[in-house]
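Sequences listed follow chains A and B, in order. For the first sequence, the tail end lands on 490 under our numbering, and the numbers increase by one without skipping. For the second sequence, the tail end lands on 490 under our numbering, and the numbers increase by one without skipping. The structure under discussion appears below in the form of structure tokens.
Number of protein chains: 2
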Amino acid sequence: MDTALLIDEVRLTPILMADPPLLNTQGVHQPYTPRLVVEVVTRGGVTGIGETYGDGKYLELAAPLAAALPGRPVSDVNGLFALADEVCGDSRAADARVDAGGLRGVQTADKLRLSVVSGFEVACLDALGKAVGLPVHALLGGKVRDRVEYSAYLFYRWAAHPEGGERDDWGAALDPAGVVAQARRFARDHGFSSFKLKGGVLPPDEEIAAVRALAEAFPGQPLRLDPNGAWSVETSLYVAEQLKGVLEYLEDPASGTDAMAAVAAGTDVPLATNMCVTTLAEVPEAFARDAVQVVLSDHHYWGGLHRTRELAAICRLNGVGLSMHSNTHLGISLAAMTHVAATVPNLDYACDSHYPWQTEDVITARHVFRDGRLTVSDAPGLGVELDRDRLAALHRRWLDDDGTMRERDDAAAMRKAEPGWRTPSIPRW
Amino acid sequence: MDTALLIDEVRLTPILMADPPLLNTQGVHQPYTPRLVVEVVTRGGVTGIGETYGDGKYLELAAPLAAALPGRPVSDVNGLFALADEVCGDSRAADARVDAGGLRGVQTADKLRLSVVSGFEVACLDALGKAVGLPVHALLGGKVRDRVEYSAYLFYRWAAHPEGGERDDWGAALDPAGVVAQARRFARDHGFSSFKLKGGVLPPDEEIAAVRALAEAFPGQPLRLDPNGAWSVETSLYVAEQLKGVLEYLEDPASGTDAMAAVAAGTDVPLATNMCVTTLAEVPEAFARDAVQVVLSDHHYWGGLHRTRELAAICRLNGVGLSMHSNTHLGISLAAMTHVAATVPNLDYACDSHYPWQTEDVITARHVFRDGRLTVSDAPGLGVELDRDRLAALHRRWLDDDGTMRERDDAAAMRKAEPGWRTPSIPRW
Numbered sequence: 062m063d064t065a066l067l068i069d070e071v072r073l074t075p076i077l078m079a080d081p082p083l084l085n086t087q088g089v090h091q092p093y094t095p096r097l098v099v100e101v102v103t104r105g106g107v108t109g110i111g112e113t114y115g116d117g118k119y120l121e122l123a124a125p126l127a128a129a130l131p132g133r134p135v136s137d138v139n140g141l142f143a144l145a146d147e148v149c150g151d152s153r154a155a156d157a158r159v160d161a162g163g164l165r166g167v168q169t170a171d172k173l174r175l176s177v178v179s180g181f182e183v184a185c186l187d188a189l190g191k192a193v194g195l196p197v198h199a200l201l202g203g204k205v206r207d208r209v210e211y212s213a214y215l216f217y218r219w220a221a222h223p224e225g226g227e228r229d230d231w232g233a234a235l236d237p238a239g240v241v242a243q244a245r246r247f248a249r250d251h252g253f254s255s256f257k258l259k260g261g262v263l264p265p266d267e268e269i270a271a272v273r274a275l276a277e278a279f280p281g282q283p284l285r286l287d288p289n290g291a292w293s294v295e296t297s298l299y300v301a302e303q304l305k306g307v308l309e310y311l312e313d314p315a316s317g318t319d320a321m322a323a324v325a326a327g328t329d330v331p332l333a334t335n336m337c338v339t340t341l342a343e344v345p346e347a348f349a350r351d352a353v354q355v356v357l358s359d360h361h362y363w364g365g366l367h368r369t370r371e372l373a374a375i376c377r378l379n380g381v382g383l384s385m386h387s388n389t390h391l392g393i394s395l396a397a398m399t400h401v402a403a404t405v406p407n408l409d410y411a412c413d414s415h416y417p418w419q420t421e422d423v424i425t426a427r428h429v430f431r432d433g434r435l436t437v438s439d440a441p442g443l444g445v446e447l448d449r450d451r452l453a454a455l456h457r458r459w460l461d462d463d464g465t466m467r468e469r470d471d472a473a474a475m476r477k478a479e480p481g482w483r484t485p486s487i488p489r490w
Numbered sequence: 062m063d064t065a066l067l068i069d070e071v072r073l074t075p076i077l078m079a080d081p082p083l084l085n086t087q088g089v090h091q092p093y094t095p096r097l098v099v100e101v102v103t104r105g106g107v108t109g110i111g112e113t114y115g116d117g118k119y120l121e122l123a124a125p126l127a128a129a130l131p132g133r134p135v136s137d138v139n140g141l142f143a144l145a146d147e148v149c150g151d152s153r154a155a156d157a158r159v160d161a162g163g164l165r166g167v168q169t170a171d172k173l174r175l176s177v178v179s180g181f182e183v184a185c186l187d188a189l190g191k192a193v194g195l196p197v198h199a200l201l202g203g204k205v206r207d208r209v210e211y212s213a214y215l216f217y218r219w220a221a222h223p224e225g226g227e228r229d230d231w232g233a234a235l236d237p238a239g240v241v242a243q244a245r246r247f248a249r250d251h252g253f254s255s256f257k258l259k260g261g262v263l264p265p266d267e268e269i270a271a272v273r274a275l276a277e278a279f280p281g282q283p284l285r286l287d288p289n290g291a292w293s294v295e296t297s298l299y300v301a302e303q304l305k306g307v308l309e310y311l312e313d314p315a316s317g318t319d320a321m322a323a324v325a326a327g328t329d330v331p332l333a334t335n336m337c338v339t340t341l342a343e344v345p346e347a348f349a350r351d352a353v354q355v356v357l358s359d360h361h362y363w364g365g366l367h368r369t370r371e372l373a374a375i376c377r378l379n380g381v382g383l384s385m386h387s388n389t390h391l392g393i394s395l396a397a398m399t400h401v402a403a404t405v406p407n408l409d410y411a412c413d414s415h416y417p418w419q420t421e422d423v424i425t426a427r428h429v430f431r432d433g434r435l436t437v438s439d440a441p442g443l444g445v446e447l448d449r450d451r452l453a454a455l456h457r458r459w460l461d462d463d464g465t466m467r468e469r470d471d472a473a474a475m476r477k478a479e480p481g482w483r484t485p486s487i488p489r490w
């Protein structure tokens, strides 16, 4: 193979990006959240970019993987998994560190490693595409749609972080009127026509009222509610009954396969998940028990774009719906999501994205939603370019941080406002 | 995207290729077998090649698909499925034509269409790879091994076809000594170190004796036996018991999921299949009932190389082994098999190939097995070139045929030797 396609250098740049005070059941988003930007440079001088989670546990795994890449073909993304297994440490020992309580679902060592690999895989595909003149979707077999639909991601939120940080002009949203106002602005600015409310923040009846207010404001448009597993089976069934005919799906009402299966057995409202099923190991039981009807894939969790396509095939085979999950992310991952989403025939629902909340990015031209959709780029690679000045500025912020923002901790952020706050035990209601 | 990558022209060339008098439970291979060679030419003047089955029912579907391709990006292989659904006719009506009796497993309209798409998909990937300078494996995420192992494919056979056709110097093989001699020649010429005997031809005790003779001649080397579903559950269990500790796996001993599940429940010998599970629709039940432990994928059946990778992911998830099936084929499909096999982490067994039996090809340089393995090509595309003179000669044979060879029919071929022969009813023993 062409030696110009061998990897010459890999650069890892941890950053802190501004994040608004968005509320969830664990607490509130910090003023800044960590992300890791991965640059893969070929001998031919082409640079590809990827991003993934930037907490310390991800950075630890990324460093040895970055060191192992030079000299390998940039096209060799299937080989990243075995390489990561080899250089990132023993997974079996680390599997003991399972933490199922977080918003990112189960956290096994395997999954952490896959999340790291995803940033490298995307960077390699971007570099390969740029080197040979193909968009990333063409490296995945080609797009089956020209535009990918996204959903408005509504949050209960404060007007400002208690401890400072960047300000925006959204104001607070803590009741049905605030949620509807937020939705109207999202619809006006980006054309979104489906809406997801992050729940698990207020008592269920208040969230039911918010969804009903949305239904009244946007009759017939798809609505979703996601309390991040905060409810009991009984509460979940109560909410499902109250919002029957109103919700497109209910996302992670309860926590764990047992509870999700019990909820699913008691309602016709489809259940979606990005917590109950975030690894292949969780698929067989959850599918066999019909615990989830829609998997919200996150290419970070699943190990990149090829693995996301494999997950899509598994969902298709099992008659389980597919859409995409989002965590706070930059425009690099939004481009990656859009490319892979464009290649999947069974993309059954509008994808989630936090992107409209993010005022900071490291690409030269922000993505623009039209009619709630992004046009799939046909430019080589991901179709986005790194803004090195912005990257340097956000990295400077990471360097200057005293350590408090480098690990995302929504409960710690909440304690700035409510000193006695502890991560609520599940089920919260 | 670069307009040079748009498809300009598609050429379909049906051929008849020489095939030795290899025996199976349905009859004997015809002197010539039909294949279809697909050429996809881009506006940039690059030609990619693929091949698939060449019987009339495949040619019928291929013609409208070929006509629909010009103007589409050659990289758009994910889009071939919906296009085929659209232009190749209504699958629901045609699904009535199910024929589960053949050697190719269930024959639904969907599967026929996928078999046709596979030839186009491979031709598109070959053209794309040649156009951008990437081997096909790199378009599938990159190889995870440099060589792919194949198994010797042993057949009971006659010295010559009763009605003429090409002659070879193999002579007859109709008893254990003949099978062992064949295996020795395969081992010497190609370095194969695992062996599969096509069974279902002689009474089971004679085939058991042949496998035992192989085990004696090649101690410790993997052996397989494949009667193409010719046996009852009882006979299958008897053979499994007799060859316990000798067989690596038993392939399709009985026909259908019920019978395979019953056999699997009664033996520890793993069961492989290229008949019980040849479509996604058959996967859930067969896997749930543990009817098969190894799926022998055939990229023609499954709709191409990307779909084969998806099948591999499904097998990996379910703890089912994977290897590759072969039917009579040219070097184009052998190249395609080798590329996709190289990208699959869970390639658990040496792949099957009829290729060593085929004296005719349409590529300029025949594939050469060393130590039973093919080296994965890093040249652009598949790494093989079309020999137009050979293609023209084999197409001329197809044109000159009076129609008797254009549809593969092993029972009809058998009737040349045994006029009263009818396709045996299953189970035959």
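Quick reminder that beta carbons are idealized off the backbone N, C-alpha and C, glycines included. From a predicted model like this one, the values you see are computed outputs, not experimental measurements.
Neighbourhood of residue i by C-beta, 8 Å cutoff - its chain only, sequence neighbours within 5 removed
i, result
"Val307 (chain B)", "Val272, Arg273, Ala276, Leu284"
"Asp409 (chain A)", "Val355, Gly382, Leu383, Ser384"
"Val353 (chain A)", "Met321, Ala325, Leu332, Ala333, Thr334, Cys337, Val338, Ala347, Val381"
"Val437 (chain B)", "Pro196, His198, Lys204, Arg206, Asp207, Arg208, Val209, Thr399, His400, Ala403"
CA nearest to the CA of residue i, picked from the options
i, options, result
"Leu97 (chain A)", "A:Leu77, A:Pro81, A:Gln303", "A:Leu77"
"Leu84 (chain A)", "A:Ala128, A:Gly261, A:Ala143", "A:Gly261"
"Ala244 (chain A)", "A:Gly290, A:Phe279, A:Lys477", "A:Phe279"
"Gly115 (chain B)", "B:Gly442, B:His367, B:Glu468, B:Pro125", "B:Glu468"
"Leu455 (chain B)", "B:Leu341, B:Tyr93, B:Gly364", "B:Tyr93"
"Glu100 (chain A)", "A:Glu121, A:Ala352, A:Asp69, A:Val89", "A:Asp69"
"Leu186 (chain A)", "A:Arg174, A:Arg218, A:Tyr119, A:Gly202", "A:Gly202"
"Pro288 (chain B)", "B:Ile487, B:Pro75, B:Asp63", "B:Ile487"
"Thr64 (chain B)", "A:His360, A:Arg350, A:Phe256, A:Leu195", "A:Leu195"
"Glu343 (chain B)", "B:Ala373, B:Gly317, B:Arg451", "B:Gly317"
"Val405 (chain B)", "B:Phe430, B:Gly166, B:Thr369", "B:Thr369"
"Leu189 (chain A)", "A:Gly481, A:Ala315, A:Pro134", "A:Pro134"
"Ala124 (chain B)", "B:Arg174, B:Val167, B:Glu446", "B:Arg174"
For residue i, three-class secondary structure by DSSP
i, result
"Thr369 (chain B)", "helix"
"Ala440 (chain B)", "coil"
"Met62 (chain A)", "coil"
"Val98 (chain A)", "strand"
"Cys149 (chain B)", "coil"
"Glu70 (chain A)", "strand"
"Leu357 (chain A)", "strand"
"Ser212 (chain B)", "coil"
"Gly392 (chain B)", "helix"
"Leu195 (chain B)", "coil"
"Tyr410 (chain B)", "coil"
"Met466 (chain A)", "coil"
"Arg158 (chain A)", "Model confidence at Arg158 (chain A) stands at a pLDDT of 45, short of 50, so the residue's coordinates are unreliable; what they give is reported in the following sentence. The answer is helix: DSSP assigns Arg158 (chain A) an H, G or I state."
"Leu460 (chain A)", "helix"
"Thr339 (chain B)", "coil"
Proximity of residue i and residue j at Cβ, strictly below 8 Å
i, j, result
"Ala79 (chain A)", "Thr420 (chain A)", "yes"
"Pro81 (chain B)", "Trp459 (chain B)", "no"
"Val240 (chain A)", "Leu258 (chain A)", "yes"
"Leu66 (chain A)", "Gly105 (chain A)", "yes"
"Arg228 (chain B)", "Ala234 (chain B)", "no"
"Tyr310 (chain A)", "Val330 (chain A)", "yes"
"Trp231 (chain B)", "Arg249 (chain B)", "no"
"Thr113 (chain A)", "Ser176 (chain A)", "yes"
"Ala323 (chain A)", "Gly290 (chain A)", "no"
6 Å CB neighbourhood of residue i in its chain, flanking five on each side removed
i, result
"Pro265 (chain A)", "Thr296, Val300, Trp490"
Cutoff 7 Å; reference residue i; Cβ partners in own chain excluding five residues on either side
i, result
"Asp448 (chain B)", "Val423, Ile424, Thr425"
heavy atom of the ligand ATP below 7 Å from residue i C-beta
i, result
"Tyr214 (chain B)", "This structure does not include the ligand ATP; it has no bound ligands of any sort."
- [ ] Pick out the complete alpha helix (DSSP H) segments inside the region 235-283 of chain A, 4 residues or longer, and give them in chain order.
- [x] 237-251, 265-278
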